[in-house]
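Take 1 as the starting number for the sequence shown in the UniProt record's numbering and just add one per residue. Backbone N, C-alpha and C define an ideal beta-carbon position, used for all residues, glycine too. Bear in mind the structure is a predicted one, so any value in this text is a computation, not a measurement. These notes concern the structure reproduced below.
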Amino acid sequence: MKILSVSTATNQLSVALNDGQKIIVEKNEQDQRNHSEHLDPMIDQILKDNNLSLKNIDRFAVAIGPGSYTGLRIGITTVKMFASILNKDVVGISTLEALAKSADTDGLIVAALDARNDNYFAGGYVTNENQVLQNVIPDGHYHIDDLISAINEYVEENDTKKVILLGNDLNTQNKFNELKTEYQFGNSDQNVLHAGLIGQLAENAPTVDPDELLPRYLRRTQAEVDWHKKTGKPYGSDSDYVEEV
């Protein structure tokens with residue numbers, strides 16, 4: 001199964017072509033803010049280099065969040081369009097699950113993205129006996145104190161001896177010293193999103209109708225909050241995937 005995967009969730013742009021679990025090629029651009037300009041040319045180059053066209057792709061996959069509001073929309077809109085026009089499978093993968101996939105450990109994997117002011121988009125994962133990631137601390141928007149509490153609760157209940165923390169700049173957060181077990185930070189390669197890993201997760205993930213592929217922001221945008229305060233109207237049904245903070 002040929003899978004084309006995309007991540008525009010963070011300031012790194014990543015695109016990959018997989019043949020099932022095998023990553024054929026992955027291209028990455030670091031610290032780019034103009035994903036809308038670079039995504040299509042990157043996809044086009046990968047296809048040309050492998051003598052393929054979009055019609056040869058069996059499944060499209062994308063990181064659906066959390067992450068940059070604008071970035072997520074770019075990637076999701078692109079794969080929705082491809083899947084809809086070509087009548088192909090499409091899969092949405094949690095940004096945090098994709099980040100956790102880069103760690104090979106028998107401990108607890110905590111994937112986190114900075115949400116500012118000591119808040120993080122974070123989730124906890126473990127690899128089960130079938131080598132499948134399980135989400136054991138729900139993906140969510142956490143203040144650092146709540147995240148530490150959630151990790152310590154899991155550690156104590158499951159007698160976990162090791163925690164790996166994945167995500168850029170987590171090593172600047174001193175609060176992790178309050179963890180009640182041994183922990184380590186991911187390396188530079190583990191701390192960024194890789195589209196090839198999204199492709200691996202997508203091979204056995206459930207597909208969705210392209211129209212139902214929505215971003216998972218995990219918190220409301222400031223514009224939504226301001227609109228709600230100004231109008232007093234309830235949030236629309238199209239934002240059911242957003243979690244209030």
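As the crow flies, the alpha-carbon of Asn168 is around 10 Å from that of Ala111.
Here Ile148 carries a helix assignment [DSSP, helix/strand/coil]. When beta bridges are read from the DSSP output, Ala195 appears opposite no residue. Within the same chain, Cβ atoms closer than 7 Å to the Cβ of Leu86 are found at Leu54, Lys55, the five residues on either side in sequence being excluded. Fewer than three Cβ pairs drawn from the segment 195 to 203 and the segment 120 to 128 lie within less than 8 Å of each other, which leaves the two stretches out of contact.
In the DSSP assignment, Pro41 falls within the unbroken alpha helix (DSSP H) covering 35 to 49. With fewer than 16 other Cβ atoms inside 10 Å of its own Cβ, Arg116 counts as exposed. Beyond the five residues adjoining it in sequence on each side, Gly92 comes within less than 7 Å, by CB distance, of Val62, Ile64, Val208, Leu213 in the same chain, given in chain order. If you draw a straight line from the Cα of Asn152 to the Cα of Leu13, it comes to about 33 Å.
Counting C-beta pairs closer than 8 Å gives three or more between the segment 156 to 171 and the segment 179 to 193, which meets the contact rule. If you draw a straight line from the Cα of Arg219 to the Cα of Gly75, it is about 19 Å long.
In the three-state DSSP reduction, Ser84 falls in the helix class (H, G or I).
Between the segment 95 to 103 and the segment 187 to 199, the count of C-beta pairs closer than 8 Å reaches three or more; the two stretches touch. If you check the CB distance, Ser102 and Leu166 come in under 8 Å. In this structure, the straight-line span from the alpha carbon of Asp19 to that of Glu26 is close to 12 Å. The three-state secondary structure of Asn56, taken from DSSP, is helix.
Pairing Thr77 with Gln173, the inter-Cα distance amounts to about 34 Å.
The Cβ atoms of Val90 and Phe121 do not sit closer than 8 Å to each other.
Rounded to whole angstroms, the gap between the alpha carbons of Pro210 and Met81 is 8 Å.
Put simply, the backbone Cα of Asn119 is about 33 Å away from that of Asn130. Ala100: member of the alpha helix (DSSP H) spanning 95 to 100, first to last residue.
Contact between Val15 and Met42 holds: CB atoms are separated by about 5 Å, below the 8 Å threshold. Annotation: the continuous beta strand (DSSP E) that includes Tyr183 extends over 182 to 185. If you draw a straight line from the Cα of Leu147 to the Cα of Leu170, it comes to about 13 Å. Distances from the CA of Leu108 to each of Ser84, Gln134, Ile57 were compared; the closest alpha carbon is that of Gln134.
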